[in-house]
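Residue numbers (this note's numbering): 9 to 725.
Yeah, the Cβ is synthetic: ideal placement off N, Cα and C, and Gly gets one too.
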Amino acid sequence: MAGISAAQEASQKNETGATSANSGQEKNGVKAADGQDTTTNGAEGLPGGAEGSSSSNEEKAPGNTVPDKQPANNGNKEHPKPDKDLCSPENWEDLFEYRISDVFTYRVVTKKIYSMGEDKGETSKGMILQKEKSTGEVTVILVSRYLRQLLRDTSASVGMEMDIGSRQIRLSPPYAAIFHFLDDMKAEHASMTDTSPLQNANFAAMCRYFEEGAPSAEFQTARQNLAEGIITYKRLWALYKPGDLACMSTLGHPEVVRIHSAVERGGLFGEPVWEITVIQISWDGRTQRFQRSKRAVQQPRFSVSRKIRSLKLVPLAYLDEVERAAMVESVTERGKKWAKLCTGKPITMSYKGSAIPYLVNPGMPWADAPRPEEEFIEGRVIVDPGAVAKAKRHANLLSRSLTDKTVAEAGQNDPLKSMFDFLGLPTAKEVEEQSEPEYIICPSTIPVFTLEEQEWMIVCVDDICEANWSADAFERLRLLRRIPSKEKRSDDIIKRKGKGLVMLFYGPPGVGKTLTAEALSEKTQLPLYRVNLGVVSSNPNWEHHLDHIFDCAYSWNAILLIGEAEVVLEERTFRGRDQNTWVSVFLRKLEYYQGILILTTNMIHTIDEAFRSRISVAYDYGELDKTSRQRVWRDFIEAIDGRKVNKRGLLAEVERWANVELNARQIRNILMTAETVTLEKISLLEADDVEDIMRDTDAFRKVFKAKEAANKRRVLG
9 MAGISAAQEA
19 SQKNETGATS
29 ANSGQEKNGV
39 KAADGQDTTT
49 NGAEGLPGGA
59 EGSSSSNEEK
69 APGNTVPDKQ
79 PANNGNKEHP
89 KPDKDLCSPE
99 NWEDLFEYRI
109 SDVFTYRVVT
119 KKIYSMGEDK
129 GETSKGMILQ
139 KEKSTGEVTV
149 ILVSRYLRQL
159 LRDTSASVGM
169 EMDIGSRQIR
179 LSPPYAAIFH
189 FLDDMKAEHA
199 SMTDTSPLQN
209 ANFAAMCRYF
219 EEGAPSAEFQ
229 TARQNLAEGI
239 ITYKRLWALY
249 KPGDLACMST
259 LGHPEVVRIH
269 SAVERGGLFG
279 EPVWEITVIQ
289 ISWDGRTQRF
299 QRSKRAVQQP
309 RFSVSRKIRS
319 LKLVPLAYLD
329 EVERAAMVES
339 VTERGKKWAK
349 LCTGKPITMS
359 YKGSAIPYLV
369 NPGMPWADAP
379 RPEEEFIEGR
389 VIVDPGAVAK
399 AKRHANLLSR
409 SLTDKTVAEA
419 GQNDPLKSMF
429 DFLGLPTAKE
439 VEEQSEPEYI
449 ICPSTIPVFT
459 LEEQEWMIVC
469 VDDICEANWS
479 ADAFERLRLL
489 RRIPSKEKRS
499 DDIIKRKGKG
509 LVMLFYGPPG
519 VGKTLTAEAL
529 SEKTQLPLYR
539 VNLGVVSSNP
549 NWEHHLDHIF
559 DCAYSWNAIL
569 LIGEAEVVLE
579 ERTFRGRDQN
589 TWVSVFLRKL
599 EYYQGILILT
609 TNMIHTIDEA
619 FRSRISVAYD
629 YGELDKTSRQ
639 RVWRDFIEAI
649 DGRKVNKRGL
659 LAEVERWANV
669 ELNARQIRNI
679 LMTAETVTLE
689 KISLLEADDV
699 EDIMRDTDAF
709 RKVFKAKEAA
719 NKRRVLG
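Okay, structure coming up:
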């Protein structure tokens, strides 16, 4: 103790900066436990650079220090003294060694009895306090290897890995890592039986600084806020302890995640926000393995204290016991369902609920991608994680579209980024593979392929259920029931060739070609995968896209419906090089495809000759006669909810309405439009409502037909 007090007195009296040989002071170079010299210079935030460095590779005893070189002065300048807020309470001079320079640097040291160098695995300077004159901010630098190892071990217990290979760890306000892990560090330290006196002294000095020194007031206020269930925006760092479980809402469903880190982000062009990095289980469709991945949640700025439960991300500890138990149980069961869907074979399911596109713009950086809009969808979906991986080069079942920007560690400390960092998509080092997932932190959403919208969407696992099929849909059709089974077809001479079932439906629009495919899907309980080749042909990589379509259709055991097939069925010519390529590629696909394929076209006369031998069955859909129109009218009327329509009144008019030359699509559209109008009026659908819509439709049909006749006359000329 006396040695240190003498050092303070000598440094204040000696204007040339020379210190007593027994002062116990050292130069700005701090000796790390690994024998390397760490200099507190401009690179560490010290303006003006260092005032000296140590050249020795051995720990100096207090009596063998090298005199400091103080800046030149006029002989009357007094050295600045340490701030009281750093050294309070008063007896802290027994623990602090301070350095006189333009930037105040205070070194926490231990008693001389523990500083003689007999403990080669530990430095006598457990940590350094460095204060910047410009900002007044105090950075705590952990020099002691023991302290760094303690912090690493306690953080690793909750999945936070920290690199202690560096000679220092810098902690800036609000010292979130210490706030969250100090109690854990105490418990770990107390459980050890082989610590040295120097390690014990270093740990005691660190605890005393954070519990009695300058940070203690902020720590105490933060803990009081948490105990009251409220929090301010600037103290959100104290709420989110790494490793804790927290809940939030995703597409209206609760979701549990594990907290990784939190940091306040802000800039010149936007309001600051807190970004909390969380950990969830994900499924990698490429490697077929579960893994732990990161995503980010943003909490916008708020001006006054708020209840913790009103925040976007709420730690489970702030739910009441009954509510927390119920959530853990339901979320765990949903996690098992999610895991089963990920690892199972492709399956057709029904879905009714909220959804968003899986990727808005795959070419746009994740952090800059616009957040997609939520929409409501209803219909059948395909759950196939393997197909997601093939469709998206960087496929991962963690919902990227739901993720905000990338984040880093609370406290904004560069050396801690190895412990609290997130620089984008998970890498091999950032992702921990798991044989069995932690079900409670499995996502509440999963990507699916929607058969109606024909795109990959993110949907809620809770709203996915088994598909319901309509057994009588096929019975209402007039289609001849002589479609051959693909199992009964003989093999071609070449293996895998000729095993598919290819059907061609041709005829004018609106006569039931697509409806037949839909009914066949219901009858066989196979998903109907619709493809518009006009859209596919606009893709520069159309051939790869076509391969993916056929692969998915076969993998899903789906009926592949290709509309507007004249795009690829058109007869080849000597001049149409691109068209010829299309036809050749598609012919090869038909030969080797082993599933059910339905082609529809309105232009049968343009089909290339080579396609005739590839077609298994062809059906001609002619114009509907009166009898057929009557049947179509009755079928559509019977399908309407009886509580919304006067069916008896509508069925009485069917024979008269059948005299109007309408196709099946037009009849369906008339009834759907009339039903929508009556819903707005909150009344039953009556025959007069149908008459009004049908009159407008028939008028448009006559105008269009007259224009078509005029064009023909002009051509014949």
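Q) Whose C-beta lies closer than 8 Å to the C-beta of residue 562 among residues of the same chain, with five residues either side of it excluded? A) 601, 602, 603
Q. Do the CB positions of residue 303 and residue 286 come within less than 8 Å of each other?
A. yes
Q | Straight-line gap, residue 347 to residue 254 (C-alpha atoms, nearest Å) | A | 20 Å
Q) Beta-carbon separation of residue 325 and residue 252 under 8 Å? A) yes
Q) What's the call for residue 480, buried or exposed, on a 16-neighbour Cβ count within 10 Å? A) exposed
Q: Within its chain, find whatever has a CB closer than 8 Å to the CB of residue 638; leave out the 5 residues flanking it on each side and keep chain order.
A: 662, 663, 666
(Q) residue 224 and residue 250 - do their beta-carbons sit closer together than 8 Å? (A) no
Q.
So the candidates are 655, 278, 237, 344; which of them puts its Cα closest to the Cα of residue 289?
A. 344
Q | Assumed close pair residue 630, residue 515 - CB separation to whole angstroms, cut-off 8 Å | A | 6 Å
Q: Could you tell me which uninterrupted beta strand (DSSP E) segments, each at least 3 residues in length, are contained entirely in the segment 226–282, listed from first to last along the chain?
A: 253–258, 261–275
Q. Using the C-alpha atoms, what's the distance from residue 293 back to residue 706?
A. 52 Å
Q. Are the CB atoms of residue 460 and residue 387 nearer to each other than 8 Å?
A. yes
Q) Considering residue 627, what are the terminal residues of the beta strand (DSSP E) in which it resides? A) 625–628
Q: List the endpoints of the continuous beta strand (DSSP E) containing residue 391.
A: 383–391
Q | Length of the line joining the Cα atoms of residue 616 and residue 605 | A | 18 Å
Q.
Let me make sure I understand the geometry here. Which of 243, 261, 297 has the alpha-carbon closest to that of residue 271?
A. 243
**Q.** Residue(s) in a DSSP beta bridge with residue 463
**A.** 458
Q.
At the level of alpha carbons, what is the spacing between residue 248 and residue 240?
A. 13 Å
Q.
Please list the terminal residues of the continuous alpha helix (DSSP H) segment that includes residue 348.
A. 329–351
Q) Who pairs with residue 297 in a beta bridge, going by DSSP? A) 292
Q: Confirm the yes/no value for this check: CB of residue 702, any heavy atom of the ligand GTP, distance under 7 Å.
A: Here there are no bound small molecules, and the ligand GTP is not part of this structure.
Q. Which value, in whole angstroms, describes the spacing of the CA atoms of residue 282 and residue 221?
A. 27 Å
Q. Is it right to say residue 521 is buried, meaning 16 or more other beta carbons lie within 10 angstroms of its own, or is it exposed?
A. buried
Q) In terms of residue numbering, what span does the beta strand (DSSP E) encompassing residue 358 cover? A) 355–365
Q: Using beta-carbon positions only, say whether residue 678 and residue 645 come within less than 8 Å of one another.
A: no
**Q.** Endpoints, the alpha helix (DSSP H) within which residue 656 is located
**A.** 655–659
(Q) With a threshold of 8 Å on Cβ separation, who are the neighbours of residue 525 within its own chain once the five nearest residues in sequence on each side are excluded? (A) 513, 536, 567, 569, 606, 608
Q.
Considering Cα atoms alone, identify which of 159, 478, 554, 670 is closest to residue 527.
A. 478
(Q) If I measure Cβ to Cβ from residue 475 and keep anything under 6 Å in the same chain, skipping five residues before and after, which residues do I get? (A) 356, 357, 358, 388
**Q.** For residue 320, the three-state DSSP class (helix, strand or coil)
**A.** coil
Q. What number of angstroms, rounded off, separates the C-alpha of residue 654 from the C-alpha of residue 517?
A. 29 Å
**Q.** Residues near residue 686 by beta carbon distance below 6 Å, same chain, minus five either side
**A.** 693, 697
Q) Which term fits residue 633, buried or exposed, when burial requires 16 or more other beta carbons within 10 angstroms of its beta carbon? A) exposed
Q) residue 537 by DSSP, collapsed to three states: which one? A) strand
Q.
Rounded to whole angstroms, what is the Cα-Cα separation between residue 349 and residue 691?
A. 43 Å
Q.
Per DSSP, what are the beta-bridge partners of residue 514 in this structure?
A. 609, 628
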